[in-house]
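J.: In numbering that gives the first Met the number 0, the protein residues as written are 0 to 349.
No residue lacks a Cβ here, since even glycine has one placed at the ideal position from N, Cα and C.
Here the structure is a predicted model, which means the values were calculated and not measured.
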Amino acid sequence: MKIRRFAALFLAVGLIFTAGCSSEKEKDNESIISSGSENVESEEPKVEEKVYINPLTGEKGIDADKVNTRPVAIMINNISIAQKVQCGLNDADIIYETEVEGGVTRLLAVFQDVSKVDRIGSIRSARYAYIDLALGHNAIYCHHGQDPTYAAPHLKDSDHYVIDTNNAGKRISNGLASEHTLYTFGNNLWESLMGARKTENTTGASWLSFADEEEEITLSGGACNNIYVPFSNNQKTTFVYDVTSGRYIYKSNGINKIDYITGKNITVKNVFVLMSSITNYPDNYHRKVELTGGDGYYVVNGTYTPIKWSKGKATNKLSFTNTDGSPLTVNAGNSWVCIADKNKSQVTIG
Numbered sequence: 000m001k002i003r004r005f006a007a008l009f010l011a012v013g014l015i016f017t018a019g020c021s022s023e024k025e026k027d028n029e030s031i032i033s034s035g036s037e038n039v040e041s042e043e044p045k046v047e048e049k050v051y052i053n054p055l056t057g058e059k060g061i062d063a064d065k066v067n068t069r070p071v072a073i074m075i076n077n078i079s080i081a082q083k084v085q086c087g088l089n090d091a092d093i094i095y096e097t098e099v100e101g102g103v104t105r106l107l108a109v110f111q112d113v114s115k116v117d118r119i120g121s122i123r124s125a126r127y128a129y130i131d132l133a134l135g136h137n138a139i140y141c142h143h144g145q146d147p148t149y150a151a152p153h154l155k156d157s158d159h160y161v162i163d164t165n166n167a168g169k170r171i172s173n174g175l176a177s178e179h180t181l182y183t184f185g186n187n188l189w190e191s192l193m194g195a196r197k198t199e200n201t202t203g204a205s206w207l208s209f210a211d212e213e214e215e216i217t218l219s220g221g222a223c224n225n226i227y228v229p230f231s232n233n234q235k236t237t238f239v240y241d242v243t244s245g246r247y248i249y250k251s252n253g254i255n256k257i258d259y260i261t262g263k264n265i266t267v268k269n270v271f272v273l274m275s276s277i278t279n280y281p282d283n284y285h286r287k288v289e290l291t292g293g294d295g296y297y298v299v300n301g302t303y304t305p306i307k308w309s310k311g312k313a314t315n316k317l318s319f320t321n322t323d324g325s326p327l328t329v330n331a332g333n334s335w336v337c338i339a340d341k342n343k344s345q346v347t348i349g
């Protein structure tokens, strides 16, 4: 009888010990599982957000849905009395300036993403050379009116869009005559262009061979603190280097030009001056700008270099090389392209 009681007691102690060990093992397993879960969570790879590059400037940050859409090119009034009411130029990726009639120039402001820009203007009529410049970017050419003799027939070769008070435009009083008061707003214009089915995708190919955005280009031609481009007696354009910002301040006839809305200086990173042949059309009034090619200058970061340029066919984009024909690397940033008469415009670099 004593033997049976001792055996029962031994069995009970064994069961209690086994249960305790099992419990400890379960706790250990739970600890391992919990620890493993935490490690899995902490080791999940981070997904980096893709950065898109503006093909017209080489700069990062453009929205993904605007990389491959067609640029928008807008004719801007540049007669001296209307320069004080210009706006939106600081948001342009490229600005082209060349002669029209009367010894004045007009500007063509090109935007890869016009929807982000507030007010743009004032807007003026089409001229032949600007249609070709827009065609080189496969841009939607926006204007108000056209010269009837030369530009009007050429507009048939382009995909253009007339801005007026019934078509993405608005007359806004600015103290000047009515012809200087037409503006557009970027988002309204883009929505109108989408409605007109003009915004189909393009390749999104880079306009120029841009350096990395973090790289600052220094050119071998020498220092360029300012470059002076006298288009005519009525229009003398100058760009003055601002060391603090690393940009060039735009002056017209010796006066700093400022944005009508923001009050900020109009500035640019890259300056190109292209020498060409500019003559009168047979009407002896409108100006004919040759866009085949020639010599020029590239200016950036307080330095300059002589270059060669070419375009050729209306649908070709401008192309730049060093004087030896090697590719020209351009600083990332917006650009101002002056096309001046090689026979009359004496460009000065200082």
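Is the segment 332-343 close to the segment 269-280, with three or more CB pairs under 8 Å?
T.: Result yes; three or more Cβ-Cβ pairs closer than 8 Å.
J.: Would you kindly work out how many angstroms separate the C-alpha atoms of Lys343 and Ala63, rounded to a whole number?
T.: To locate residue 343, count along the sequence shown from 1; it is residue 344. To locate residue 63, count along the sequence shown from 1; it is residue 64. Distance between the alpha carbons of Lys343 and Ala63 is about 44 Å.
J.: Compute every distance between the C-beta of Ile52 and the non-hydrogen atoms of the ligand GTP, then say whether any falls below 6 Å.
T.: The ligand content of the structure shown is nil, which means the ligand GTP is not present either.
J.: Ignore the nearest five residues each way along the sequence and tell me which others in Glu25's own chain have a CB closer than 6 Å to its CB.
T.: The residue labelled residue 25 in the question sits at position 26 within the sequence shown. Because the pLDDT at Glu25 is just 46, under 50, the model does not fix this residue reliably, and the value given afterwards should be weighed accordingly. Cβ neighbours of Glu25 beyond the five flanking positions: none.
J.: If you follow the alpha helix (DSSP H) that Leu132 is part of, which residue opens it and which one closes it?
T.: The residue you call residue 132 lines up with position 133 of the sequence shown. Segment 127-134, the alpha helix (DSSP H) holding Leu132.
J.: Please work out which residues of its chain come closer than 6 Å, Cβ to Cβ, to Val298, disregarding the five sequence neighbours upstream and downstream, and give them in chain order.
T.: In the sequence shown, the residue the question calls residue 298 occupies position 299. Correct list, in chain order: Cys223, Ile226, Val270.
J.: What residue range is occupied by the uninterrupted alpha helix (DSSP H) comprising Leu107?
T.: Locating residue 107 in the sequence shown gives position 108, where the first residue counts as 1. No alpha helix (DSSP H) holds Leu107; the beta strand (DSSP E) holding it covers 104-110.
J.: Given 8 Å as the limit, is there contact between the segment 108-115 and the segment 123-130, that is, 3 or more CB pairs closer than that?
T.: In short, these stretches do not touch, since the Cβ pair count stays below three.
J.: If you draw a straight line from the C-alpha of Asn321 to the C-alpha of Thr164, how long is it?
T.: Looking up residue 321 in the sequence shown gives position 322. Looking up residue 164 in the sequence shown gives position 165. Answer to the nearest angstrom: the Cα atoms are 45 Å apart.
J.: For Ile306 versus Gly293, is the C-beta distance shorter than 7 Å?
T.: Locating residue 306 in the sequence shown gives position 307, counting from the first residue. Locating residue 293 in the sequence shown gives position 294, counting from the first residue. Against a cut-off of 7 Å, the Cβ pair of Gly293 and Ile306 comes out as no contact.
J.: What is the rounded straight-line gap between the Cα of Gly301 and the Cα of Ala195?
T.: Numbered from its first residue, the sequence shown carries residue 301 at position 302. Numbered from its first residue, the sequence shown carries residue 195 at position 196. Computed Cα separation, rounded: 43 Å.
J.: Quick check on the DSSP output: what are the complete beta strand (DSSP E) runs of length 3 or more inside the segment 305-339, in order along the chain?
T.: Complete beta strand (DSSP E) runs here, min 3: 318-321.
J.: Sort out for me which residues DSSP pairs Met193 with in a bridge.
T.: By one-based count along the sequence shown, residue 193 stands at place 194. Answer is none; Met193 lacks a bridge partner.
J.: Answer yes or no: does any C-beta atom of chain C fall closer than 7 Å to that of Thr237?
T.: Absence of chain C from the displayed structure is noted, only one protein chain being present.
J.: How far does the alpha helix (DSSP H) with Leu154 in it extend, from its first residue to its last?
T.: What you label residue 154 is simply residue 155 of the sequence shown in a count that begins at 1. Where Leu154 is concerned, the enclosing alpha helix (DSSP H) stretches over 150-154.
J.: Taking all protein chains shown into account, do 16 or more other C-beta atoms lie within 10 angstroms of the C-beta of Ser157, making it buried, or fewer, making it exposed?
T.: In the sequence shown, the residue the question calls residue 157 occupies position 158. Buried, since its Cβ has 16 or more Cβ neighbours within 10 Å.
J.: Return the first residue and the last residue of the beta strand (DSSP E) that Arg170 is part of.
T.: Residue mapping note: residue 170 aligns to position 171 of the sequence shown, counting from 1. Here the beta strand (DSSP E) through Arg170 covers 168-170.
J.: In angstroms, rounded to a whole number, what distance separates the CA positions of Lys155 and Val84?
T.: Here residue 155 refers to the residue found at position 156 when the sequence shown is read from its first residue. Here residue 84 refers to the residue found at position 85 when the sequence shown is read from its first residue. Their backbone Cα atoms lie some 31 Å apart in a straight line.
J.: Use the C-beta contact count for Ile171: other C-beta atoms within 10 angstroms, 16 or more gives buried, fewer gives exposed.
T.: Along the sequence shown, read from residue 1 onward, the residue named residue 171 stands at position 172. It counts as exposed.
J.: If we require 3 or more residues per run, which beta strand (DSSP E) segments fall completely within the segment 262-291?
T.: The segment 262-291 contains these whole beta strand (DSSP E) runs: 269-275, 277-279, 286-288.
J.: Once DSSP output is grouped into helix, strand and coil, what is the label at Glu48?
T.: Your numbering for residue 48 matches position 49 in the sequence shown. The answer is coil: DSSP assigns Glu48 none of H, G, I, E or B.
J.: Mind listing, in chain order, the continuous beta strand (DSSP E) runs of no fewer than 3 residues lying wholly within the segment 172-249?
T.: Whole beta strand (DSSP E) segments, 3+ residues: 181-184, 225-229, 235-241.
J.: Let me know the secondary structure DSSP gives Gln345 once reduced to three states.
T.: If you number the sequence shown from 1, residue 345 lands on position 346. Gln345 falls in the coil class under three-state DSSP.
J.: Let's see if you can read the secondary structure: which residues bound the beta strand (DSSP E) around Tyr259?
T.: Numbered from its first residue, the sequence shown carries residue 259 at position 260. Where Tyr259 is concerned, there is no enclosing beta strand (DSSP E), given that its DSSP letter is neither H nor E.
J.: Which residue from Gln234, Ala204, Ser205 puts its Cα closest to that of Leu106?
T.: Indexing the sequence shown from 1 puts residue 106 at position 107. It is Gln234 whose Cα lies nearest to the Cα of Leu106.
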